[in-house]
Structures are given as C-alpha cells and as structure tokens.
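Asker:
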Amino acid sequence: MKLFDKYNRVNIGVTIIIMLVTGIVYYYTISHILTGQIDKDLVLEENEVFSYVNKNHRLPDVYESNHQQIVFAPLKQQKAQRRFLDTVYRDDDEKDMEAARALISSVTVSGQNYRIIVTQSKVETEDLIQIIFLITIGVIVALLAILIILNRVILKSIWKPFYKVLFQLKEFSLASHPTVSSTPSTIDEFTELNQAVINMADRVKSDYQNLKVFTENASHELMTPISIINSKLDTLVQTDEFTDKQSKLLNDIYGTVTRLTRLNKSMLLLAKIENGLIKDNTDVNVKLILEECIYQHEEMIHQLGINLKTTLGEKQLLANKSLIEILLNNLLSNAIRHNYQNGELSIELDAEKLTITNTGKGSFDFDKVLKRFYKSDGSEGIGLGLTLCKQICDNYGFTFRYIQEGKLHSFSVIF
Amino acid sequence: MKILIVEDEAGLRDSIESYFTGSDSICETAGDFTTALAKVSVYRYDCVILDLTLPQGTGLDIVKHLKENGHNDGVLIISAKNSLDDRLTGLDLGADDYLTKPFHLSELRSRVTAIVRRRTFNGSSILKFNEINIDLDAKTVKVNDAIVKFTRKEYSLLLYFIANKGKVVSKSAIAEHLWGDSIDIADNFDFIYSHIKNIRKKLVEAGANDYIQAAYGMGYKFTDA
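These protein sequences, in sequence, are chains A and B. If you count the first sequence from 1, you need to add 115 to reach the working numbering. If you count the second sequence from 1, you need to add 841 to reach the working numbering.
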C-alpha cells in the first residue's frame, strides 16, 4: 500500500468517525434544545388553560391549530401527575402520524379534576433537524472530497523528491558510471535522505572501484611470475632427454600453468570490462569473426561428429574486436563441449541477433551459471566463460538469453 | 640474426636469451631503459624484443627514439598489459608486433623470425629450407618444385616449426599457436597429433625428409638432421 493511500485511509477514516460523532452529538443537542422549546410552548398553553379556568371557572373550548391539540379528560379522585412525554400526533389534514411532544397536567374545575393533555407535533422540529443533518452530511462529503484531492495533489508534489531518490536507488548499479544525482527539496527530511543516499552511493562506488582496481592490479602482477615459469619450462624442455615419468610431470606442469594463465587472463578481462577500460571500438564484421571461430573449432566439431548447420547473415558492430572474438569463441566452445556424439549444432546470425543452439546432456540453472566460478557438473572450464559472455553483452547493451527445450540448449545474443 | 632483449625481469630475460642464442642468432640484453636506449642509439638490430614497463622509462619511448632517428630495426613489444590497451599505441608508433605475457618462447621466436624475415628478404618472400620452398605471400609449399597442399593450420604449424628449428616445442605452445588462448587447450592435444601426422605424411610423400620428431611425449622437434 502506498504511503498516501495508507495516510488517506487513516485520515479519511478518522475524519468520518469524528464527523459522525459530531453529527450525533449535534443531533441530540439540537433535538434537546428544540424539545425544550416545545416544552416551553406546552407550559405556555397549560398556563393559558389555568388562567382561563381561574377566570371563567370552566374548561376552555377545545381547539386544534398549528399542529397543537388540547384534550381534557375528567379524572376521579387523584390528580394526574404532571409530566412531559413523547407521543404521536394524528394530523387530520394530512392523515398521518407525526412524532409529537405532550404535557400531561391536571386542573380542578368546580371540584372536578380534569386531566389536560397538551400535544404539539414535532414535525417542524424534525424538518429542521433533517435540514441541519443534511447540511452536516453535505459538509462532511465536501470536506472528504477536498481532503482526498488535497492529499493527492499536495502529497504528490511534496513526495516528489522522495520518489526521485527512490528511482535513483532502484536504478543504482555499481557498474554504471553516472552516480546518484542530487535531488533538491525544501523539506529537511528529504534533503537529509538525499544526502545520505548520495554519500552511500559514492562510498559504495569508491569501495567497489578500489576492489576492481585491486583485482586488475593483482591479475596484472601475476602475469610476470607466470611468464617466468612459462619461459623456464620452455627452457627446461630443451635441456636433455627425459624419462617418461619426468615428461608426464612436465606435461602436468604445462597444463596447470596454461590453466592459471587462462584463469588470470579471464579475471583481468572481467575487471577491465567492469572498469570500463575497454574502448578501442572498431567496425567489426561479426560474420567474419564467427566463420573464423567455426574454423578454429572445426576439429572438435568433426571429432564429435556434430551436425553443424549455419545460417550466417551480415552483421556489423561497433565494438572491440577481441571482446567479440572472446564472446563468440566462448559460446561456440560451450556449445561443442557440452554436446554429445553425433549431436546437433545450429548457428544463426542476422542483423538482430545471434543464436547458437546445441543438443546437450542435462540441464543447468542459467542464473547460477552466470555467477563467477560456477561450474556445471562435468564441466572442465574455469567457470568464467558465461560470466564473461554476460559481461561483454552488458558492456555493449546486448541482451544475453538462454532457452532450454528438452535436449536443445539455445543461447542468444540480441544486438 | 642480431637481437636485443629489453626486459627488466632477469628470469624472463635469461630464458629468452638462452632460447635465442645459438644456431644463427646473436643476443644482447638490457635490463633498464637507459641501457636499452644507449644500445639502440649505437648498434643496429634485426629485432628488438621490448618490454613496455621498464625501470626509468617506458618501452614506447624506445620505439619513438628508433623511428625519430630513422632506424628501421624490427620491434616486437612484449608486455603484461593486455592487447586491449597498449597494443594500438605501440603499433601506431611503429612496432611490428605485439605479444602478451605470458607467452611461450617458441611463439616469441616464431614472431621474431617473421619480423626479421619481412625486413631482410625485402620483397622476396620465398623461405627456403633444404628441399622445402615456402612462398610466404601466396602461402604455398613446394617440395622439390612440386606443390604440396596444406591446410591453413598445417601451413601455420610448418612455419612455426621451421622458426623453432632444433627446439622442443611443447604441445601447449602448439595448441596456443593454432587455436589462440581463448579456446580451452587441454581439449586439443589429440588434434595436434593428427595435424602433425598429416604434415609429416604430406612432406614424406612429396619426397622430403621427415624432419619432425616427437619429443618424449611433451611436444615435437623440427630438426635439420
């Protein structure tokens, strides 16, 4: 629930309750005052009866007017207790029952006790109350409407800086370069929030930057000792005859050094891409590179007896050639390495996208595979291949997609 | 050929020197910028193997110095920096080639040989090795004047072996040379065997000697014996 929905809900709820309570109190107060007014009229009427009786020693004529009625009834011994009561009034003109107020009293005329019932219809009072009530309701509704509109308009404009900060936080990425920009606001809380977010973003960026620079430097520094080992090995194998056991050991060392080199190069490359250090963009003919990649892999394709189908259209890109080569080589190597004997491999390139589809055993979790150093079961790679592919695609704004349908695994790069 | 090795890491410098010294090469070395600059100012080399990060200066300034003084010594840059950044600067300044560390000495030698060959043959692009004649422009191989058909990889491998004549070339180096470093090399050792088998077969069938020998299961050696 949005803050101002929540706020509106509480606000409007409370307003309605207060209004209702006010309405009820209002109703009873007015009702009480008006009833008092009627009671006064009744007493006035009663007094008139008394003064008439005192003067004329007989009961006045019974008359009926203005929603008022006086009824006399003879009593036996005791006097009727004087009291006010709510009753109903039969209106002969309109033939309906109306709420009314009555005063019961008694009078003695020539030794005979009479009960006096003075009744006055409350219909006018009720009308008045009704009007007051309607006005109150009208005010409530108008007030609510104004509240809702005001909340919408004012809150929306007040919260604008907040939403802007929120949007920037959502869009925040360590890899992208523009940092969080300042969002001016006249509200202290938002200014503080904005400042905190900017500080945090800058701190995170600089920490991350240091980490990346460290990775790059570390990989870089490692290259020198690795090249010394490599050259010493190359020199060593020139020296003399070797036994089978020695040559096996040397082969293992060669293999390990090669692996170390590849690992280090991949890490260095990742760091470089992330640091945005790769520029050197030229016009790259993807089709030519792809054909070269296929040529590089021909032995492996041939050995597995893979049925290769290619549909290669023209595609030019403005990119770093080495990166595109790495991307295509990695995708193709994967499609071959995870293929099986006499499997299928299809490569489709057109102006919009490149799709490499291969048959393959098993399945894997694409998101996991994109993580660094994640290897699917039985994979012999170093676990950076697809991470690099993803990173290269991100670098150029391509979409990297994977779809699995049964035995078919399909990787797409949408340019 | 006369070669200057400019490299501040003594370990690497010594290995390169010992790999290049012998047969038909003379090597000189320099471990820092000043020594290197002094040497290239006085002597001429067929090829300068140049590290970019040196004590007291950068290798790029040596390339600049050579070009400014009109010396057309071949220059091969070796650097731990990736091909993705310094390469163009080096090549723009007039270096002939660029090799990223770490590299195999056989790869270095094959690149240096190519540079020297380009510079010294001056127009003539025929590489002659006993009965084998290779036309480097047309990329054709003739044995006793008869053309022998090689695939692109076989041709490249043959040149690689000739450049590293008399040296044991490891399988790792061959794989890296043929398939580059972005392809997993361990997968490819079987293919090396079949490529080499094909080269030997084609050469022998055309009447050439069998120059390629397997070297203790680690690699191969091209010998002039």
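By construction, the Cβ of each residue, glycine as well, lies at the ideal position given by its N, Cα and C atoms.
Check distances from the C-beta atoms of the segment 937-958 of chain B to those of chain A and list, in chain order, the residues that come in under 7 Å.
Answerer: From the segment 937-958 of chain B, only Lys-942, Pro-943, Phe-944, His-945, Leu-946 and Ser-947 have a Cβ closer than 7 Å to chain A.
Asker: Kindly indicate if chain B contains any beta-carbon less than 8 Å away from that of Asn-345 of chain A.
Answerer: yes
Asker: Kindly indicate the opening and closing residues of the alpha helix (DSSP H) around Ala-450 of chain A.
Answerer: 436-452
Asker: Whole angstroms are fine: how far does the CA of Lys-424 of chain A sit from the CA of Leu-1019 of chain B?
Answerer: 24 Å
Asker: Can you find a C-beta in chain A that's less than 8 Å from the C-beta of Phe-991 of chain B?
Answerer: no
Asker: Apply the 10 Å Cβ neighbour rule to Asn-325 of chain A and answer buried if 16 or more other Cβ atoms are within range, or exposed otherwise.
Answerer: exposed
Asker: Between the segment 251-262 of chain A and the segment 220-228 of chain A, do at least 3 Cβ pairs fall closer than 8 Å?
Answerer: no
Asker: May I ask you to report which of helix, strand or coil DSSP gives Ile-313 of chain A?
Answerer: helix
Asker: With distances taken Cα to Cα, identify the nearest neighbour of Glu-463 of chain A among A:Ile-261, A:Ile-529, A:Gln-152 and A:Trp-274.
Answerer: A:Ile-529
Asker: Ser-997 of chain B CB to nearest chain A CB: under 8 Å?
Answerer: no
Asker: Starting from Phe-944 of chain B and walking both ways along the alpha helix (DSSP H), at which residues does that stretch end?
Answerer: No alpha helix (DSSP H) holds Phe-944 of chain B; DSSP gives it neither H nor E.
Asker: Does DSSP put Lys-522 of chain A in a helix, a strand or coil?
Answerer: It is coil, neither helix nor strand.
Asker: Assuming Thr-339 of chain A contacts Ala-921 of chain B (C-beta within less than 8 Å), just tell me the rounded distance between them.
Answerer: 6 Å
Asker: From this set, A:Val-203, A:Lys-380 and A:Val-164, which residue's C-alpha is nearest Ser-437 of chain A's C-alpha?
Answerer: A:Lys-380
Asker: Contact check, Phe-187 of chain A vs Leu-218 of chain A under 8 Å by CB: the rounded distance?
Answerer: The Cβ separation is near 13 Å, so there is no contact.
Asker: What did DSSP end up calling Lys-347 of chain A once you bin it into helix, strand or coil?
Answerer: helix
Asker: Check whether the segment 891-898 of chain B touches the segment 847-861 of chain B, taking contact to mean three or more Cβ pairs, one atom from each stretch, closer than 8 Å.
Answerer: Result yes; three or more Cβ-Cβ pairs closer than 8 Å.
Asker: Among A:Asp-349, A:Leu-258, A:Lys-121 and A:Tyr-517, whose alpha-carbon lies nearest the alpha-carbon of Met-134 of chain A?
Answerer: A:Leu-258
Asker: Which runs of the beta strand (DSSP E) at least 3 residues long sit entirely within the segment 156-238 of chain A? Give them in chain order.
Answerer: Entirely contained in the segment 156-238 of chain A, the beta strand (DSSP E) runs reaching 3 residues are, in chain order, 183-189, 198-206, 211-224 and 227-236.
Asker: List the residues of chain A whose Cβ lies closer than 9 Å to the Cβ of Asp-902 of chain B, in chain order.
Answerer: Correct list: empty, because the minimum Cβ distance to chain A is about 21 Å.
Asker: Check distances from the C-beta atoms of the segment 853-871 of chain B to those of chain A and list, in chain order, the residues that come in under 9 Å.
Answerer: Leu-853, Asp-855, Ser-856, Ile-857, Ser-859 and Tyr-860
Asker: Closer than 8 Å, CB to CB, is Phe-513 of chain A near chain B or not?
Answerer: no
Asker: Restricting to Cα atoms, I'd like to know which of A:Val-222, A:Asn-396 and A:Arg-516 is closest to Gln-196 of chain A.
Answerer: A:Val-222
Asker: Could you check whether the Cβ of Asn-366 of chain A sits closer than 8 Å to any Cβ belonging to chain B?
Answerer: yes
Asker: Go through its chain and collect everything with a Cβ distance to Trp-274 of chain A's Cβ below 6 Å, but skip five positions before and after it.
Answerer: none
Asker: What does the alpha-carbon distance come out to for the pair Ser-334 of chain A and Leu-853 of chain B?
Answerer: 18 Å
Asker: Can you find the residues in the same chain that come closer than 7 Å, C-beta to C-beta, to Tyr-142 of chain A, ignoring five residues on each side of it along the sequence?
Answerer: Ile-244 and Phe-248
Asker: Listing by chain order, which chain B residues have their CB less than 8 Å from the CB of Ile-341 of chain A?
Answerer: The contacting residues are Lys-942 and Pro-943.
Asker: Would you kindly work out how many angstroms separate the C-alpha atoms of Cys-888 of chain B and Lys-980 of chain B, rounded to a whole number?
Answerer: Taking the straight line joining both Cα atoms gives about 23 Å.
Asker: Going by the CB atoms, is the gap between Ala-936 of chain B and Ile-919 of chain B shorter than 8 Å?
Answerer: Against a cut-off of 8 Å, the Cβ pair of Ala-936 of chain B and Ile-919 of chain B comes out as no contact.
Asker: Closest Cβ-Cβ distance between Val-847 of chain B and chain A: below 8 Å?
Answerer: No - not a single Cβ of chain A is within 8 Å of the one on Val-847 of chain B.
Asker: Identify, in the order they occur along the chain, each residue of the same chain with its Cβ nearer than 6 Å to the Cβ of Leu-460 of chain A, setting aside the five sequence neighbours on each side.
Answerer: Ile-421, Leu-423, Ala-450 and Asn-473
Asker: Quick test of the definition: if touching needs 3 or more C-beta pairs under 8 Å, does the segment 982-992 of chain B touch the segment 1037-1050 of chain B?
Answerer: yes
Asker: Less than 8 Å between the beta carbons of Phe-305 of chain A and Phe-329 of chain A, yes or no?
Answerer: no
Asker: Judging by CA-CA distance, which residue of B:Ala-1047, B:Ile-975, B:Ala-1016 and B:Asp-873 is the nearest neighbour of Gly-370 of chain A?
Answerer: Ranked by Cα distance from Gly-370 of chain A, the first of B:Ala-1047, B:Ile-975, B:Ala-1016 and B:Asp-873 is B:Ala-1016.
Asker: Apart from the five residues on each side of it in sequence, which residues of its chain come closer than 6 Å, Cβ to Cβ, to Thr-784 of chain B?
Answerer: In this structure chain B extends from 842 to 1066, so residue 784 of chain B is not present and cannot be described.
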